[in-house]
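Here's the structure, in structure tokens; my notes come after.
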Ligand code: GLY
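Numbering (our numbering), first residue to last: 594 to 859.
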């Protein structure tokens with residue numbers, strides 16, 4: 594029996610000097626996630642807790658490091674999905690909370706809904722015990738959504754992502770991150786999550802496409818490559834993706850300058 598976790602820190606214009614620190618934080622996250630799996634924990638826990646490390650670091654464009662929309666305020670999106678029963682939850686344009694992915698999980702587990710948005714989602718998150726923040730940090734570089742996928746010993750796949758959005762966008766703009774099928778998707782066999790221009794991911798429902806390619810018989814790596822090529826061909830934008838199947842095999846592809854990532858199979 595194999596379990597595995599993969600995590601990325603966002604596709605984007607990473608400077609080479611920013612990569613070692615990004616990799617160090619990702620290693621810490623993957624270590625935590627794989628430790629949870631090793632102790633028999635769930636893929637949902639592994640994904641949520643790994644992404645929390647990135648949200649708390651302030652180094653990436655999510656959680657504490659979220660970028661500003663045009664009115665000068667940070668608004669974050671996040672989602673989580675479990676492939677076995679297609680359970681999912683997400684929050685859109687939440688403000689002043691540290692861990693949007695944990696809020697997304699609360700939506701999935703504590704409500705009958707999939708998505709909550711704006712001030713209602715923020716209020717829900719606070720009521721459900723998510724820590725608040727009053728100040729943000731500037732992320733290391735111009736980068737995008739972070740995401741993680743895990744498969745546990747029960748072969749359940751979970752995928753999650755978290756973002757401060759694309760930045761310099763109209764106040765109230767929502768990206769792909771919490772749009773199921775666009776920013777992320779999971780089935781019994783595979784999970785996928787994408788990073789890059791949200792509008793391009795929504796227009797192409799690229800994460801769902803990547804999972805469909807696995808159903809069609811492509812390998813995880815070939816599916817990752819094809820999904821991003823398709824997105825770029827149809828929209829002109831560059832992007833990145835991670836994929837993980839129930840055997841713990843991964844696919845990684847990006848056509849942006851860089852996309853730091855880390856993987857552990859146990
Ligand atoms: N991919 C994050 C966003 O565009 O909001």
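By construction, the Cβ of each residue, glycine as well, lies at the ideal position given by its N, Cα and C atoms.
When DSSP states are grouped into helix, strand and coil, residue 808 belongs to the helix group. Residue 743 is not a Cβ neighbour of residue 615, given a cutoff of 8 Å. Three or more beta-carbon pairs separated by less than 8 Å link the segment 846-853 to the segment 820-836, which places the two stretches in contact. Contact check for residue 697 and residue 676: beta-carbon distance about 16 Å, past the 8 Å limit, so the pair fails to qualify.
Distance between residue 637 and residue 804, taken at the CA atoms: about 18 Å. In the three-state reduction of the DSSP assignment, residue 788 falls in the strand class, which pools E and B. Comparing alpha-carbon positions, the option among 807, 794, 767 lying closest to residue 779 turns out to be 807. Annotation: residue 629 to residue 635 spans about 7 Å, alpha carbon to alpha carbon. Residue 685 counts as buried, since at least 16 other C-beta atoms from the protein chains shown sit within 10 angstroms of its C-beta. Contact between residue 691 and residue 724 holds, since their C-beta atoms are separated by about 4 Å, short of 8 Å.
Between residue 693 and residue 670, the gap from beta carbon to beta carbon is short of 8 Å. In this structure, residue 726 lies near residue 657, with their beta-carbon atoms less than 8 Å apart. Separation of the CB atoms of residue 730 and residue 651 is rounded to 3 Å, and the pair is thereby assigned contact status at 8 Å. Contact between the segment 709-717 and the segment 780-789 is absent: fewer than 3 CB-CB pairs across the two stretches fall below 8 Å. Bounds of the alpha helix (DSSP H) holding residue 616 are 612-631. Within a 10 Å sphere around the beta-carbon of residue 732 sit 16 or more other beta-carbons, which makes this residue buried. Membership of residue 664 in any alpha helix (DSSP H) is not indicated, and neither H nor E is assigned to it by DSSP. Residue pairing for residue 670: DSSP places it in a beta bridge opposite 756.
Beta-bridge analysis with DSSP links residue 858 to 597.
The C-beta distance from residue 601 to residue 852 rounds to 6 Å, short enough to meet the 8 Å contact threshold.
Rounded to whole angstroms, the separation of the alpha carbons of residue 622 and residue 649 is 11 Å. Bridge pairing for residue 675: 680, 751 [DSSP].
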